[in-house]
Structure formats: structure tokens, C-alpha cells
């Protein structure tokens, strides 16, 4: 890393640590609030870390150099043991069934950006098939597995002004070829 920075020649940086996003998260939080003990990231993936006393960690028995250590959890896999089954929806199960990581990373599939667009599209498909939206028309773009709503699209939809739905209408027309959707359809 330092060699790559040196080759650039336009900046001077001394690398003092290389860390993962969980550690970065807890350190950034501690910068603002020194009592912070948990770091949490949710984006395309999900991760969490926490600060723990070293003597409380079985693997570190006898290690006394530092009083605390950052513990990284595999929170993305929370629910792989079926403990989240009570909150999973038919759409969560459908997404998992078709994923390449079937039966694993259950929590991640329920909340992360990389999957949210797929979940939203599965809901839209069901609503269209039940003739609740789009006059019951399920077009090819809505059916294709390759076209999903991106996080940016969902953010734009959520940020629509009340009752205006400009972003929602634009996205549904540009991406899915649904024009003239009603206010009621947009509000869903």
C-alpha cells in the first residue's frame, strides 16, 4: 500500500493501520463518542463489531498486552439456524430459494441493499398478479430476473414528495415500461 502511494507521487501518507469496515465503524464512532462499544454497517452487506475485554474472550486466555479487543461478528449469517424464521416473509424465502447462497446469510438477504431491490420487485410481481396494481398486467421487464430496482431507485422513490410521485412514475416508466400509473399504485 505504501509503495502504491509513493508511486503516485502527489500525496504523502504513512500507513499506520489497515483494517476492515467493522473496525473502521467502531473507531469512527469512538472518535465522536468515546463510550461507543458497537460498530454497525448496513449497505450492500451487513456487519457488526463490538469492543470486549480481552480477559472475557476464551481464545485470548493468558493474553494481557491489551485490555480490549474488537470482536467482529458474522451478523450476515444470523438466522441461518432458522431463528429468524418467525419474521421471514414469503418474499424472503423466495429470494433465498433462488440465490446462489441458498440457506445462508439469511439476515443479510432480509435487509441489505444488494437484495432490497429484488424483494421490492417480488412484491410488485405478486401485487400485479393479484390485479392490485398495473391493471393486473405483468410485463416481461417485471418478470425478468436481470432487472431489479437499485438502492438509488428505491431511495428516489422513498424521497418522493407526498402525493406527487414524480420519481416513482419515472422509474416505473423508464425501467419497467409502466406508464400512467395511478396515485393509488404509487402510494403502495
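Residue numbers (the working numbering): 500 to 687. Backbone N, C-alpha and C fix where the C-beta goes; we use that ideal spot for every residue, glycine too. Just so we're clear, the structure is a prediction, and the values are computed from it rather than from any experiment.
Query	Result
When you compare only the Cα positions, how much space is there between residue 569 and residue 600?	28 Å
If residue 617 and residue 655 are in contact, beta carbons under 8 Å, what's the gap, nearest whole angstrom?	Incorrect: roughly 17 Å between the Cβ atoms, too far for contact.
Could you tell me which of 644, 506, 680 sits nearest to residue 598, measuring between CA atoms?	644
Could you say which of 671, 584, 665 lies nearest to residue 624 if we only look at CA atoms?	671
Identify whether residue 633 lies in helix, strand or coil by the three-state DSSP scheme.	helix
Taking the runs of the beta strand (DSSP E) that are 3 residues or longer, which of them lie wholly in the segment 547–610?	567–572
Along the chain, where does the beta strand (DSSP E) containing residue 616 start, and where does it finish?	Looking at the DSSP string, residue 616 is not in any beta strand (DSSP E); the run it does join, the alpha helix (DSSP H), is 612–628.
Rounding to the nearest angstrom, what Cα-Cα distance links residue 584 and residue 628 in this structure?	26 Å
From residue 537 to residue 574, what does the alpha carbon distance come to, in whole angstroms?	13 Å
Among 639, 608, 552, whose alpha-carbon lies nearest the alpha-carbon of residue 594?	608
Taking C-beta to C-beta, are residue 675 and residue 641 nearer than 9 Å?	yes
Should residue 578 be counted as a contact of the ligand SAM given a C-beta to heavy atom distance under 8 Å?	Of ligands this structure carries none, so the ligand SAM is not represented either.
Quick one: what's residue 538 bridged to in DSSP?	548
Do you know whose CA, among 500, 639, 517, 520, lies nearest residue 511's CA?	500
Answer yes or no: does any C-beta atom of chain B fall closer than 9 Å to that of residue 575?	The structure shown contains no chain B, having only a single protein chain.
What does the alpha-carbon distance come out to for the pair residue 659 and residue 621?	21 Å
Go ahead and pull the three-state DSSP assignment for residue 510.	coil
Taking buried to mean at least 16 other C-beta atoms within 10 Å of its own C-beta, is residue 546 buried or exposed?	buried
Quick one: give me the first and last residue of the alpha helix (DSSP H) that residue 667 is part of.	665–675
Please look up how many angstroms separate the CB atoms of residue 611 and residue 544, rounded, as I've assumed it's under 8 Å.	6 Å
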